[in-house]
Every structure is written in C-alpha cells, then in structure tokens.
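Numbering follows UniProt numbering, in which position 50 of the sequence shown is assigned residue number 50; successive positions increment by one, without gaps.
Here the structure is laid out as structure tokens; the discussion comes afterwards.
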Amino acid sequence: MSHESVWNSRPRNYGKGSRQCRVCKHKAGLIRKYDLDLCRQCFREKAKDIGFHKVSNSKTYGKELGDGGHEKKD
Numbered sequence: 001m002s003h004e005s006v007w008n009s010r011p012r013n014y015g016k017g018s019r020q021c022r023v024c025k026h027k028a029g030l031i032r033k034y035d036l037d038l039c040r041q042c043f044r045e046k047a048k049d050i051g052f053h054k055v056s057n058s059k060t061y062g063k064e065l066g067d068g069g070h071e072k073k074d
C-alpha cells in the first residue's frame, strides 16, 4: 500500500476536508454563510451576480474630518 492510498482512505464527512468551493473546488477561504460554499476569490467574482453589493463604512455622518467629532468651544 502506498502512502497516498492510506492517507486518502478515510472518509471525510465533517471538518475542513469535507467542504470545498462549488465553483473551483478550493478548500481554503470558504464562505459558508447562507449556504454559499464559495471560496473568497470566487465570491468576489460572483458577488454582483448573486445580488450582493459592497457597503462602505467610511461615512462621517455630518462630522468634519480632523476634529474627532468634538464640538468647538468659543
């Protein structure tokens, strides 16, 4: 028996070895939320087609940059 046949002989029913990207079959960086089962690279390529859109958190909501959000005292 070779090393490969012994190493790959056990069943993979749970854990990281049991899951893979549904597009490219990659096992690392898997996004499982909402049953997507996509690796992060494929998610970036297909996100717009799936219906996801990027939301930016860099809005200041009316506060001027540089003052740290504090009111100026006279």
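All C-beta atoms in this analysis are idealised placements derived from N, C-alpha and C, irrespective of residue type, glycine included.
Inter-residue CB distance, residue i and residue j (contact presumed, cutoff 8 Å)
| i | j | result |
| --- | --- | --- |
| Leu38 | Arg22 | 6 Å |
Spatially closest choice to residue i from the options, by CA coordinates
| i | options | result |
| --- | --- | --- |
| Cys42 | Ser56, Tyr14, Cys24 and Val55 | Cys24 |
At what residue ranges does the segment 1–64 contain a whole run of the alpha helix (DSSP H), taking only runs of 4 or more? Runs of the alpha helix (DSSP H) inside the segment 1–64: 3–7 and 40–50.
Under 8 Å, with one C-beta from each stretch per pair, do the segment 6–14 and the segment 25–33 reach the 3-pair mark? The segment 6–14 is not in contact with the segment 25–33.
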